[in-house]
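The sequence shown finishes on residue 420 if you use the working numbering, and the numbering steps up by one all the way, no holes. Here a beta-carbon is modelled for each residue, glycine too, at the ideal position from N, C-alpha and C.
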Amino acid sequence: MRAARLERLVRGADLCVKCGLCLQACPTYGLERNEADSPRGRIALIQGLAEGRVEATASTLGHLDGCLSCRACEAVCPSGVPYGELIDDTYADLVVRGVVRPSLMNEVLSRWPVGLGAIGPRALAVAARAARLLMRLGGARPSTSSGIGRWLRLTASLAGRTGNLPAYGTHGARHGRRGRAGLHLGCVARLAEPSVLHAATRLLTAAGYDVAVPEGQGCCGAIHLHRGFTAEAAAAERRNARAFAAEACDAVVSCASGCGAVLAAGACRGKEDGAVMPEVWDISRFLLDHHVADLRFRPLEARVLVHDPCSLRNAMGQHEAAYALLALIPGLEPQPLDGNAVCCGAAGTHLVLRPATADRLAAPKVAAARTAGAAYLATSNVGCALHLRLGLAGAPDAPEVLHPVELLARQLDD
Ligand code: SF4
Ligand code: SF4
Numbered sequence: 007m008r009a010a011r012l013e014r015l016v017r018g019a020d021l022c023v024k025c026g027l028c029l030q031a032c033p034t035y036g037l038e039r040n041e042a043d044s045p046r047g048r049i050a051l052i053q054g055l056a057e058g059r060v061e062a063t064a065s066t067l068g069h070l071d072g073c074l075s076c077r078a079c080e081a082v083c084p085s086g087v088p089y090g091e092l093i094d095d096t097y098a099d100l101v102v103r104g105v106v107r108p109s110l111m112n113e114v115l116s117r118w119p120v121g122l123g124a125i126g127p128r129a130l131a132v133a134a135r136a137a138r139l140l141m142r143l144g145g146a147r148p149s150t151s152s153g154i155g156r157w158l159r160l161t162a163s164l165a166g167r168t169g170n171l172p173a174y175g176t177h178g179a180r181h182g183r184r185g186r187a188g189l190h191l192g193c194v195a196r197l198a199e200p201s202v203l204h205a206a207t208r209l210l211t212a213a214g215y216d217v218a219v220p221e222g223q224g225c226c227g228a229i230h231l232h233r234g235f236t237a238e239a240a241a242a243e244r245r246n247a248r249a250f251a252a253e254a255c256d257a258v259v260s261c262a263s264g265c266g267a268v269l270a271a272g273a274c275r276g277k278e279d280g281a282v283m284p285e286v287w288d289i290s291r292f293l294l295d296h297h298v299a300d301l302r303f304r305p306l307e308a309r310v311l312v313h314d315p316c317s318l319r320n321a322m323g324q325h326e327a328a329y330a331l332l333a334l335i336p337g338l339e340p341q342p343l344d345g346n347a348v349c350c351g352a353a354g355t356h357l358v359l360r361p362a363t364a365d366r367l368a369a370p371k372v373a374a375a376r377t378a379g380a381a382y383l384a385t386s387n388v389g390c391a392l393h394l395r396l397g398l399a400g401a402p403d404a405p406e407v408l409h410p411v412e413l414l415a416r417q418l419d420d
């Protein structure tokens, strides 16, 4: 198995003709102007590691760790280099070699949503208010780049957003019945965005879908996958496949594109135990293609900026749906946020593990959002929403950051 992976790595890296067309698309090259922090440089390191010519030194790993896995390079590469697979496979091999081990931080990051979820939305709301109070008592705003300040601000940003989830079980179609959709809750999304999950349920049931929310579903496995822990990622995938296959859903929808991209690309699909995951859709694309246009929406004279998460744009290729969905609201003007082709810096765990870089990448987007005079900033990924909210926090001219389906559900005339 390792030999096959190494062969795949060398074959994939060999496709790179070193043209450099990807360099200008790469956010980390844009920041550092260092070849080793570019896609071409990382591909050379990946190939060298696979062929045993390059040592897995701290410096080599630092350049690979800096990658945001945004896949902007893949989108512009004329040779079809499968960069996302290359970086994931490289980490899987580093784990096999014992070079990358489960770190305490990664354990915390992969388990904290479950832990926080267990304490319930009320306790979480108290924690969020306490964090706000601590920040106020602390006087100056804690730096977004310091460890404790970062956690404090993240927790405080959940104030007013925590709440109960849509109940497990089936939520029946409200107007006729056209099919059955499974709702993936996500781990961070279930804590930070319960209103998004309620909005999705409301829109789906109004469009004629039974919505299944199986209790047996779980984390999509993205954090494990991108760190090379493939067994854990496959276990997460099997768990979801079993849960949704048992519900006989026509499709599974995700309201967090970071999760949706991993669920949609799942390789094993739980085939070995007979549980096949239904097709996975981003919620905006699903609604748009499945009768939401038949519904009535109250007018809203406002401008909404749309942020394209990399996972939706480069991995799922479904970013255009959010604009068309928002345009169903009479009077609303959706327009792209400046710099949408560049990652906002949230990038999975970068938001917490590399906050200084994450903030440098967010800064131009935050500035563009503040000066555009828009009332709303819509994004379809929970990590991006958390990160952009942190950047905009306290700014008097900040638009409200929300998910496209939240705005749509607010205007639904039913
Ligand atoms: S654009 Fe593609 S082929 Fe060209 S350097 Fe980048 S990865 Fe290699
Ligand atoms: S995935 Fe993103 S950060 Fe990583 S090399 Fe490609 S463009 Fe650069």
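Assigned secondary structure, residue i (DSSP; H/G/I helix, E/B strand, else coil)
{"i": "G276", "result": "Only weak support exists for where G276 lies, its pLDDT of 47 falling under 50; the coordinates are left without a value."}
{"i": "K24", "result": "coil"}
{"i": "P342", "result": "strand"}
{"i": "F303", "result": "strand"}
{"i": "L357", "result": "helix"}
{"i": "L418", "result": "strand"}
{"i": "S44", "result": "coil"}
{"i": "A81", "result": "helix"}
{"i": "P148", "result": "Low local confidence applies: a pLDDT of 47 at P148 is under 50, so the model's placement there is unreliable, and no value is given."}
{"i": "G86", "result": "coil"}
{"i": "D403", "result": "coil"}
{"i": "H230", "result": "helix"}
{"i": "H204", "result": "helix"}
{"i": "E61", "result": "coil"}
{"i": "C265", "result": "helix"}
{"i": "Q223", "result": "coil"}
{"i": "V132", "result": "helix"}
{"i": "A281", "result": "coil"}
{"i": "V105", "result": "coil"}
{"i": "A347", "result": "coil"}
{"i": "G18", "result": "helix"}
{"i": "A378", "result": "coil"}
{"i": "L12", "result": "helix"}
{"i": "P336", "result": "coil"}
{"i": "A212", "result": "helix"}
{"i": "L37", "result": "helix"}
Run of the beta strand (DSSP E) containing residue i, from where it starts to where it stops
{"i": "L408", "result": "E406 to L408"}
{"i": "T385", "result": "Y382 to T385"}
{"i": "Q30", "result": "Segment: none, Q30 is in no beta strand (DSSP E) and carries neither H nor E."}
Residue from the options whose Cα sits closest to the Cα of residue i
{"i": "V310", "options": "A362, P336 and L269", "result": "P336"}
{"i": "D288", "options": "P305, L331, V282 and R59", "result": "L331"}
{"i": "G214", "options": "R184, C225, R360 and C349", "result": "R184"}
{"i": "F292", "options": "R107, P402, L21 and H325", "result": "H325"}
{"i": "P284", "options": "G47, L392, L164 and R186", "result": "R186"}
{"i": "L21", "options": "S85, P340 and S44", "result": "S85"}
{"i": "L413", "options": "L209, R14, A399 and L92", "result": "L209"}
{"i": "G397", "options": "T385, A378, A369 and P405", "result": "A369"}
{"i": "V219", "options": "T96, E61, P410 and L191", "result": "L191"}
{"i": "G389", "options": "A281, R366 and C349", "result": "C349"}
{"i": "A327", "options": "L367, V298, G104 and R17", "result": "V298"}
{"i": "G379", "options": "E339, H409 and G351", "result": "E339"}
{"i": "I94", "options": "L359, E238, R233 and F250", "result": "The question names Ile, but residue 94 in the sequence shown is Asp. The shortest Cα separation from D94 among L359, E238, R233 and F250 belongs to R233."}
{"i": "V132", "options": "G166, G47 and I52", "result": "G166"}
{"i": "R11", "options": "R416, V60 and L92", "result": "L92"}
{"i": "G72", "options": "A399, G264, A252 and A364", "result": "A364"}
{"i": "V333", "options": "T377, A42 and A308", "result": "One detail in the question is off: residue 333 reads as Ala in this sequence, not Val. Minimum Cα distance to A333 is reached at A308."}
{"i": "R304", "options": "G178, L418, Q53 and Q223", "result": "L418"}
{"i": "P45", "options": "A240, P88 and P342", "result": "P88"}
{"i": "P402", "options": "R416, L408 and A373", "result": "A373"}
{"i": "Q30", "options": "C226, V259, A347 and T168", "result": "A347"}
{"i": "L171", "options": "S201, V194, G178 and A162", "result": "S201"}
{"i": "S163", "options": "H177, P410 and L394", "result": "L394"}
{"i": "A212", "options": "E80, A179, A240 and L203", "result": "A179"}
Identified DSSP bridge partners for residue i
{"i": "V259", "result": "L189 and W287"}
{"i": "A218", "result": "T176 and G188"}
{"i": "L70", "result": "Paired residue(s): none; L70 is not in a bridge."}
Start and end residues, alpha helix (DSSP H) containing residue i
{"i": "H297", "result": "That residue, H297, is in no alpha helix (DSSP H); it is neither H nor E in DSSP."}
{"i": "C390", "result": "V388 to L398"}
{"i": "L100", "result": "Y89 to V102"}
{"i": "N246", "result": "T236 to A251"}
{"i": "R196", "result": "V194 to A198"}
{"i": "L164", "result": "Counting along the chain, L164 falls outside any alpha helix (DSSP H), and DSSP gives it neither H nor E."}
Residue i Cβ short of 7 Å to ligand 4 heavy atom set
{"i": "Y97", "result": "With respect to ligand 4, the structure shown offers nothing to examine, as its ligands consist of ligand 1 and ligand 2."}
| Can you list, in chain order, the stretches of the beta strand (DSSP E) that have 3 or more residues and sit fully within the stretch 306-334? | 308-313
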